[in-house]
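Participant: If you scroll down you'll find the structure; I have some questions about it.
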Amino acid sequence: MQQGTLIKHLGKHVGEEVTIQGWLYNKRSSGKIQFLIVRDGTGMVQSVLVKSEAPELFEMAKGITQESAIRVKGVVREEPRSMGGYEMSVTGVELISLAQEYPITHKEHGVDFLMDRRHLWIRTPRQNAVLRIRAEIEQTARDFFHQNDFTLVDSPIITPAACEGTTTLFELDYHGEKAYLTQSGQLYNEASAMAVGRMYCFGPTFRAEKSKTRRHLMEFWMIEAEAAFFDHEDNMKLQEEMVYFIVQRVLERRRKDLELLGRDISKLEAVKLPFPKLSYTEAVELLKSKGEEFVWGEDFGAPHETIISESFDSPVFIDRYPTEIKAFYMKPDPADPKVVLGADLIAPEGYGEMIGGGQRIDDLQLLEQRLEEHKLPKEAFEWYLDLRRYGSVPHAGFGLGLERTVAWICKLDHVRETIPYPRMLYRVYP
Numbered sequence: 274m275q276q277g278t279l280i281k282h283l284g285k286h287v288g289e290e291v292t293i294q295g296w297l298y299n300k301r302s303s304g305k306i307q308f309l310i311v312r313d314g315t316g317m318v319q320s321v322l323v324k325s326e327a328p329e330l331f332e333m334a335k336g337i338t339q340e341s342a343i344r345v346k347g348v349v350r351e352e353p354r355s356m357g358g359y360e361m362s363v364t365g366v367e368l369i370s371l372a373q374e375y376p377i378t379h380k381e382h383g384v385d386f387l388m389d390r391r392h393l394w395i396r397t398p399r400q401n402a403v404l405r406i407r408a409e410i411e412q413t414a415r416d417f418f419h420q421n422d423f424t425l426v427d428s429p430i431i432t433p434a435a436c437e438g439t440t441t442l443f444e445l446d447y448h449g450e451k452a453y454l455t456q457s458g459q460l461y462n463e464a465s466a467m468a469v470g471r472m473y474c475f476g477p478t479f480r481a482e483k484s485k486t487r488r489h490l491m492e493f494w495m496i497e498a499e500a501a502f503f504d505h506e507d508n509m510k511l512q513e514e515m516v517y518f519i520v521q522r523v524l525e526r527r528r529k530d531l532e533l534l535g536r537d538i539s540k541l542e543a544v545k546l547p548f549p550k551l552s553y554t555e556a557v558e559l560l561k562s563k564g565e566e567f568v569w570g571e572d573f574g575a576p577h578e579t580i581i582s583e584s585f586d587s588p589v590f591i592d593r594y595p596t597e598i599k600a601f602y603m604k605p606d607p608a609d610p611k612v613v614l615g616a617d618l619i620a621p622e623g624y625g626e627m628i629g630g631g632q633r634i635d636d637l638q639l640l641e642q643r644l645e646e647h648k649l650p651k652e653a654f655e656w657y658l659d660l661r662r663y664g665s666v667p668h669a670g671f672g673l674g675l676e677r678t679v680a681w682i683c684k685l686d687h688v689r690e691t692i693p694y695p696r697m698l699y700r701v702y703p
């Protein structure tokens, strides 16, 4: 099949006759002129069809319905007032398939109506822009790790044990044995880091907690990294450099998509290195100074994270959380074992935790003790303990939640728009 010209490349063909292939997004008519708005996934263009120049074509085009698949031939011209800065003077239209009456018309629709038709909703300009920004973030993260000598090592989705207990996991019957959908590749990432030195993985993760907040999904994607011979400070430096790299790349390559979303771009331009850092104890004091009642030793909730983030333009690290509220593998601070060498990175503008990470326990005896304290079955973690038996080294890592990162960068009200097909507490269709 002969491929047409992509709409995003029309600027290279001014004055030339080209063929584009796509779908009719919208259509307007002034009686003697029809304006066909065509989309192809890379952009949209207004194609102008004049009745006096092609009367038969004009009549045929009248019957083309919204989202019909078409092939349009025409001459490209510059038009600053038009979307994308270009228009096409139509010389030919071929109908590939005529769409039935399209359910998502150009008017306001309720969220439930749109979510039931998510497979069609993603065709709209706003949802298209979010998908493109998401893709840019994914690619940028891969580029960042590649440039920093990290090797992609995939971690399993079906696991025999959990990173942090099994209460929020989806359980599977794995040929008569209990298994779970992963909530993190981290334990396997540690093993991979002992093999390749610096590694990252990128894939779906699952949590079965019955949460209905705007920040939670049952299925979400994590970009996780682990590095041998990295300590807590190295780990935070890597995180801030990656997030900054992502923000700059999106500003450079996806500015028009951000503008389409109505994003205040100055907020992203205000992100600077190094990111601010607060200890957990300092964060507690900040909350109290804002009139919040908070007891040292508790975990921060979404309202607390929002209050903390309001004091900063860039994402802010909160480190050295109480050992009691963190995972069994977190390394206690040798200077103060009541806290761990771990940190959360809180996004600006109230978007909450986007990264969780820290230095891992590399001492076998301490790790065995922590498993016992957390009432986790040692036999399920024997392979993980092997990492401390055979060439244990200091190491650290983190996981970035892709959907929360997309939500912040796009300034979306709910994470359901950050992923093509969201899986939420009461939604698994389509």
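To convert a position in the sequence shown, counted from 1, into our numbering, add 273.
Don't be surprised by glycine CBs; every beta carbon is placed ideally from N, CA and C.
Buried or exposed for residue 557, please, with buried defined as at least 16 other CB atoms from any protein chain shown within 10 angstroms of its CB.
Facilitator: buried
Participant: Compute the beta-carbon to beta-carbon distance between residue 709 and residue 601, rounded to the nearest angstrom, for a pair I have assumed lies under 8 angstroms.
Facilitator: Examination of residue 709 is not possible in this model, given that the chain is present from 274 through 703 alone.
Participant: Could you check the C-alpha separation between residue 692 and residue 411 for me, to the nearest Å?
Facilitator: 12 angstroms
Participant: Whole angstroms are fine: how far does the CA of residue 656 sit from the CA of residue 528?
Facilitator: 46 angstroms
Participant: Taking 6 angstroms as the limit between beta carbons, can you name the residues of its chain near residue 475, skipping five residues before and five after?
Facilitator: 496
Participant: Rounded to the nearest angstrom, what separates residue 441 and residue 491 at their Cα positions?
Facilitator: 10 angstroms
Participant: Let me know the secondary structure DSSP gives residue 478 once reduced to three states.
Facilitator: strand
Participant: Does the separation of the CB atoms of residue 468 and residue 666 fall below 7 angstroms?
Facilitator: no
Participant: Could I get the ranges of all uninterrupted alpha helix (DSSP H) runs contained in the stretch 551-622, with 4 residues as the minimum, in chain order?
Facilitator: Listed in chain order, the complete alpha helix (DSSP H) runs (minimum 4 residues) inside the stretch 551-622 are 553-562, 575-582.
Participant: Is it right to say residue 328 is buried, meaning 16 or more other beta carbons lie within 10 angstroms of its own, or is it exposed?
Facilitator: exposed
Participant: Go through its chain and collect everything with a Cβ distance to residue 407's Cβ below 6 angstroms, but skip five positions before and after it.
Facilitator: 679
Participant: For the beta strand (DSSP E) that contains residue 294, what are its first and last residues?
Facilitator: 290-302
Participant: In chain order, what residues of the same chain have a beta carbon less than 6 angstroms from the beta carbon of residue 458, not counting five sequence neighbours either side?
Facilitator: Answer for residue 458: 428, 474, 497, listed in chain order.
Participant: Could you check what DSSP says for residue 490 in three-state terms: helix, strand or coil?
Facilitator: coil
Participant: Whole-angstrom Cβ separation of residue 591 and residue 551, contact assumed at under 8 angstroms?
Facilitator: 5 angstroms
Participant: Contact check, residue 487 vs residue 688 under 8 angstroms by CB: the rounded distance?
Facilitator: 6 angstroms
Participant: Whole angstroms is fine: what's the gap from residue 631's alpha carbon to residue 669's?
Facilitator: 6 angstroms
Participant: Measuring only the C-alpha atoms, how far is residue 477 from residue 449?
Facilitator: 24 angstroms
Participant: Short of 7 angstroms in beta carbon distance, which residues of its chain neighbour residue 775, apart from the five on each side in sequence? Order them along the chain.
Facilitator: The displayed coordinates of the chain run from 274 to 703. Any statement about residue 775 would go beyond what the structure contains.
Participant: With the cut-off set at 7 angstroms, would you say residue 336 and residue 313 are in Cβ contact?
Facilitator: no
Participant: Which partner residues does residue 668 have in the DSSP bridge list?
Facilitator: 501
Participant: What's the C-alpha gap between residue 454 and residue 480?
Facilitator: Rounded to whole angstroms, residue 454 to residue 480 spans 8 angstroms at the Cα level.
Participant: Within 8 angstroms, do at least three Cβ pairs link the stretch 694-703 to the stretch 636-655?
Facilitator: Fewer than three beta-carbon pairs drawn from the stretch 636-655 and the stretch 694-703 are found closer than 8 angstroms, and the two stretches are therefore not classed as touching.
Participant: Helix or strand or just coil, what does DSSP make of residue 281?
Facilitator: helix
Participant: Should the stretch 563-575 be called in touch with the stretch 517-534, which here means at least 3 C-beta pairs below 8 angstroms?
Facilitator: Segment contact: the stretch 563-575 against the stretch 517-534, fewer than three CB-CB distances shorter than 8 angstroms; contact not assigned.
Participant: Let me check understanding here. Comparing Cα to Cα, which of 672, 686, 534, 280 lies closest to residue 414?
Facilitator: 672
Participant: Just the C-alpha distance for residue 541 and residue 518, rounded to the nearest angstrom, thanks.
Facilitator: Looking at the two C-alpha atoms, the distance is approximately 12 angstroms.
Participant: For the beta strand (DSSP E) containing residue 452, list its first residue and its last residue.
Facilitator: 450-454
Participant: Check the C-beta distance from residue 317 over to residue 357 and give it rounded, since I have them as a contact under 8 angstroms.
Facilitator: 7 angstroms
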